[in-house]
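As given, the protein sequences belong to chains A and B, one line each in that order.
Convert by adding 9 to the 1-based position in the first sequence; the result is the number in the working numbering.
Convert by adding 238 to the 1-based position in the second sequence; the result is the number in the working numbering.
Even for Gly, the Cβ is constructed at its ideal location relative to N, Cα and C.
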Amino acid sequence: MQHMADTLFKSLSDPTRRAIFESLTRDGEQTVWMLTDQSGISQPAVSKHLAVLKTAGLVRDRREGRQTHYSADPKGLKPLIDWTSQMSSFWQKKLDDLEDLLNRMDQ
Amino acid sequence: MTATETRSVVIERQIPHPPEKIWRALTQPHLIAEWLMKNDFAPTVGHRFQLRGDWGHADCRVLEIQPDKTLSYTWDAMGLESVVTFTLAPSGTGTHLRVEQAGFRKDQAQAFAGAKYGWENFLGKLEQVVGREN
C-alpha cells in the first residue's frame with residue numbers, strides 16, 4: 010500500500026503529468042495527438058508521461074487500428090485517498106519505535 | 239460515504255512492559271521525541287503544544303490525563319482536526335495499549351493530503367470523480 014502511494018505521489022509530482030491526467034479525467038478518452046496539441050510539449054514527451062501514469066495505475070490505454078486511446082482510471086487514486094490505512098501505517102511504525110525505546114529504557 | 243463522515247484509526251498492541259513505563263514514554267518530552275516527534279508537551283490538561291516532524295507540525299492540546307491509564311490530545315495538522323487517545327490497561331506481564339485517532343472527516347483528510355503535497359484542489363476534484371466511479 011505504501012509503495013503504491015509512493016508511486017502515485019511521484020507520478021503526480023510533475024505538473025505536466027497532472028495536466029495530462031486532469032485533461033483525461035475532465036474530457037474523457039483521447040489519443041496522444043490530441044493530448045500533444047493541448048500540452049505544448051513534443052509527442053514523445055507526452056508518450057513518456059503517459060507511460061509513467063500508466064505504471065502508476067492512473068491511465069489505461071486501448072489500441073484501435075494504428076491509434077492508441079488513453080483514458081483516466083480514477084480508481085488508481087484510491088491508495089492516496091485511503092487515509093485510514095495511511096494513518097494506520099503511521100501509528101504502526103511509531104509504535105514499533107515506541108517498543109524499541111521501551112526496550113532501551115530503564116525500569 | 240458523506241463529506242462529513244467521521245473516521246477513526248484504532249491500533250491495539252500487547253506490549254511486554256508495565257503501564258507506568260509506557261506512561262513515561264507517552265508523557266515525557268525527551269522520550270516522546272525519541273519515538274514520536276519533537277515536542278513541547280507538558281502533562282497538564284489544557285496545555286497547548288506542537289509535535290514537529292519532517293513534514294510540518296501538528297498543533298495539539300491536552301484533553302485528558304489519567305496517569306498510567308489514559309492520555310488524550312487534539313491533533314490539528316494542515317486542515318486535519320482529530321483527537322488522539324492512548325489507553326493503557328495492565329494485562330498479564332505487560333500492557334494492552336490502544337491508540338485511537340478519531341475525528342477525521344473525509345473533506346479534512348483530503349485537505350490534509352492536499353496541503354501536504356500542494357494539490358488540494360486537484361485531489362478535491364479527483365475524489366469527486368473517484369466517488370462517481372464507485
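Check: Roughly how many angstroms lie between the CA atoms of proline 121(A) and glutamine 39(A), to the nearest whole one?
Finding: Chain A is shown from 10 up to 116; residue 121(A) falls before or after that span and cannot be answered.
Check: Beta-carbon of glutamate 108(A) versus every beta-carbon of chain B: anything under 9 Å?
Finding: yes
Check: If you measure beta-carbon to beta-carbon, which residues of the stretch 33-66 of chain A are closer than 9 Å to chain E?
Finding: Absent here is chain E; the protein component of the structure consists of chains A and B.
Notebook entry, point to check: Sorted by chain position, which residues of the same chain lie with C-beta nearer than 8 Å to glycine 332(B)'s C-beta, five sequence neighbours on each side aside?
Noted result: Gln252, Ile253, Pro254, His255, Pro256
Notebook entry, point to check: Would DSSP call isoleucine 29(A) helix, strand or coil?
Noted result: helix
Next item on the list: Helix, strand or coil for leucine 309(B), going by three-state DSSP, please let me know.
Entry: strand
Note to self: Using CA atoms only, rank isn't needed, just tell me which of Gly330(B), Ile303(B), Asp306(B), Ala296(B) is closest to serine 320(B).
What the structure shows: Ala296(B)
Margin query: For serine 20(A), would you say it is in contact with chain B, using Cβ-to-Cβ distances shorter than 9 Å as the test?
Written below: no
Next item on the list: Within the stretch 263-302 of chain B, note down every full alpha helix (DSSP H) run reaching 4 residues or more, in order along the chain.
Entry: The qualifying runs are 267-273.
Next item on the list: Pull up the distance between the alpha-carbon of glutamine 339(B) and that of glutamate 302(B), whole angstroms please.
Entry: Rounded to whole angstroms, the gap between the alpha carbons of glutamine 339(B) and glutamate 302(B) is 14 Å.
Item checked: Cut-off 6 Å between Cβ atoms - residues of its own chain near arginine 69(A), not counting five sequence neighbours on either side -> Ser80, Asp82
Checklist line | Where histidine 255(B) falls: helix, strand or coil (DSSP) | finding: Coil at histidine 255(B), not helix or strand.
Note to self: Going by beta-carbon coordinates alone, are lysine 259(B) and leucine 111(A) separated by less than 9 Å?
What the structure shows: yes
Check: Quick one: does glutamine 76(A) have its CB under 9 Å from some CB of chain B?
Finding: no
Item checked: Straight-line gap, histidine 285(B) to valine 41(A) (C-alpha atoms, nearest Å) -> Cα-Cα distance, rounded: 57 Å.
Next item on the list: Compile a chain-ordered list of the residues in the stretch 255-282 of chain B whose CB is closer than 7 Å to at least one CB of chain A.
Entry: His255, Lys259, Ile260, Ala263, Leu269, Glu272, Trp273, Leu274
Margin query: Give me the DSSP bridge partner(s) of aspartate 314(B).
Written below: Secondary-structure assignment with DSSP links aspartate 314(B) through a beta bridge to Asp297(B), Glu319(B).
Check: How is the beta strand (DSSP E) around aspartate 70(A) delimited, first residue to last?
Finding: 68-73
Next item on the list: Tell me whether the beta-carbon of glutamate 28(A) lies closer than 9 Å to the beta-carbon of glutamine 52(A).
Entry: Glutamate is not the amino acid found at residue 28(A); the sequence shown has alanine there. No, they are not a contact pair.
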